[in-house]
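Contents: one structure, followed by commentary.
In mature numbering (1 follows the signal peptide of the UniProt record, and there is no 0), the protein residues as written are -22 to -1, 1 to 235.
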């Protein structure tokens, strides 16, 4: 989760030590084993629209089991057999391909300077960086600007809508889920039009392999692990942090008076 990163980090630094304190006093005080979020309705992390909380909690746990029994073992195996140098090159290629999404959404948000920077990054890393395996663009001062269609919708005034947990992708919202669908559609359309493996005779198998590798690399680059925060209300804290992060990124976060 490039999880305004300062505000998110401050939130985590304040929240996570609470779990450590709770663990330290557990042997001395009698504590109830279960708590309800209803006890904390006046806290800010409860101020996120979540009408489908039951479904989302179930999906959050589903993602935990998906991680535990499938994704993380696969990622661990990938990291074990693949040299770190190669891991970085693979991540670089997929990150470079992601610049197409960044460029599309920067243009849709009418951000001319950012669009030029992103295009410069893509061309530089594609040509000089050998398809993105290396990142000379950053050394040239062309910083990455992560964009997606959910941010584009927010830029043009669309509210986030209710919170929603997606299988595999995790925390989202109605707006961001729609944005993900559009970004995926655009990417698939470009890929289908180019069809880089058409002449191999094994286009479907190669495409499936590349998609699988992309999914493994995506989880490899994400350091978050379910239920390792030690925070007793992890679901609600993740929900709050995701919501705040997206509000900041779309310029909708409340400003201090």
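Every residue gets a Cβ at the ideal spot worked out from N, C-alpha and C, and that includes glycine.
As the structure is a computational prediction, the values presented were derived from the model and not from experiment.
Let me know if residue i comes out buried or exposed under the rule of 16 or more other beta-carbons within 10 Å of its beta-carbon.
{"i": "residue 223", "result": "buried"}
{"i": "residue 160", "result": "buried"}
{"i": "residue 109", "result": "exposed"}
{"i": "residue 71", "result": "buried"}
{"i": "residue 46", "result": "exposed"}
{"i": "residue 55", "result": "exposed"}
{"i": "residue 113", "result": "buried"}
{"i": "residue 121", "result": "exposed"}
{"i": "residue 48", "result": "exposed"}
{"i": "residue 173", "result": "exposed"}
{"i": "residue 76", "result": "buried"}
{"i": "residue 179", "result": "exposed"}
{"i": "residue 181", "result": "exposed"}
{"i": "residue 100", "result": "buried"}
Rounded to a whole number of angstroms, what is the C-alpha to C-alpha distance between residue i and residue j?
{"i": "residue 69", "j": "residue 111", "result": "8 Å"}
{"i": "residue 225", "j": "residue 74", "result": "26 Å"}
{"i": "residue 6", "j": "residue 186", "result": "Reliability fails at residue 6, whose pLDDT of 39 lies under 50, so the model's placement of it is uncertain and the value that follows must be treated cautiously. Cα-Cα distance, rounded: 54 Å."}
{"i": "residue 155", "j": "residue 216", "result": "17 Å"}
{"i": "residue 237", "j": "residue 136", "result": "With the chain covering only -22 through 235, there is no way to say anything about residue 237."}
{"i": "residue 153", "j": "residue 128", "result": "6 Å"}
{"i": "residue 218", "j": "residue 26", "result": "7 Å"}
{"i": "residue 82", "j": "residue 165", "result": "10 Å"}
{"i": "residue 227", "j": "residue 220", "result": "11 Å"}
{"i": "residue 177", "j": "residue 188", "result": "16 Å"}
{"i": "residue 169", "j": "residue 40", "result": "30 Å"}
{"i": "residue 50", "j": "residue 65", "result": "15 Å"}
{"i": "residue 194", "j": "residue 150", "result": "20 Å"}
{"i": "residue 175", "j": "residue 201", "result": "32 Å"}
{"i": "residue 104", "j": "residue 60", "result": "23 Å"}
{"i": "residue 183", "j": "residue 192", "result": "14 Å"}
{"i": "residue 106", "j": "residue 67", "result": "14 Å"}
{"i": "residue -10", "j": "residue 211", "result": "Residue confidence is low: residue -10 scores 41 on pLDDT, short of 50, so the model does not pin down where it sits. Its coordinate-derived value is still stated next. Roughly 15 Å separates the two Cα atoms."}
{"i": "residue 93", "j": "residue 33", "result": "38 Å"}
{"i": "residue 171", "j": "residue 207", "result": "43 Å"}
Out of the options, point me to the one whose CA is closest to residue i's CA.
{"i": "residue 124", "options": "80, 102, 141", "result": "80"}
{"i": "residue 163", "options": "42, 32, 71, 78", "result": "78"}
{"i": "residue 85", "options": "131, 30, 55, 57", "result": "131"}
{"i": "residue 230", "options": "44, 199, 139", "result": "139"}
{"i": "residue 144", "options": "31, 119, 25", "result": "31"}
{"i": "residue 62", "options": "149, 199, 40", "result": "199"}
{"i": "residue 89", "options": "134, 40, 105, 104", "result": "134"}
{"i": "residue 190", "options": "150, 28, 53", "result": "53"}
{"i": "residue 57", "options": "196, 172, 100", "result": "196"}
{"i": "residue 28", "options": "188, 169, 142", "result": "142"}
{"i": "residue 98", "options": "115, 107, 87", "result": "115"}
{"i": "residue 203", "options": "193, 105, 148, 60", "result": "148"}
Starting from residue i, trace the beta strand (DSSP E) both ways and give me its first and last residue.
{"i": "residue 141", "result": "141 to 144"}
{"i": "residue 149", "result": "148 to 151"}
Over what stretch of residues does the alpha helix (DSSP H) that includes residue i continue unbroken?
{"i": "residue 174", "result": "Per DSSP, residue 174 belongs to no alpha helix (DSSP H) and is neither H nor E."}
{"i": "residue 93", "result": "90 to 105"}
{"i": "residue 200", "result": "Neither: residue 200 is in no alpha helix (DSSP H) and is coded neither H nor E."}
{"i": "residue 60", "result": "Taken as a continuous stretch (DSSP letters only), residue 60 belongs to no alpha helix (DSSP H), as it is neither H nor E."}
{"i": "residue 221", "result": "212 to 227"}
{"i": "residue 84", "result": "77 to 86"}
{"i": "residue 36", "result": "31 to 44"}
{"i": "residue 131", "result": "127 to 133"}
{"i": "residue 117", "result": "114 to 117"}
Is residue j closer than 8 Å to residue i when the C-beta atoms are compared?
{"i": "residue 42", "j": "residue 205", "result": "yes"}
{"i": "residue 118", "j": "residue 102", "result": "yes"}
{"i": "residue 167", "j": "residue 126", "result": "no"}
{"i": "residue 35", "j": "residue 146", "result": "no"}
{"i": "residue 38", "j": "residue 214", "result": "no"}
Measuring from the CB of residue i, is there a heavy atom of the ligand ZN at a distance below 7 Å?
{"i": "residue 205", "result": "Of ligands this structure carries none, so the ligand ZN is not represented either."}
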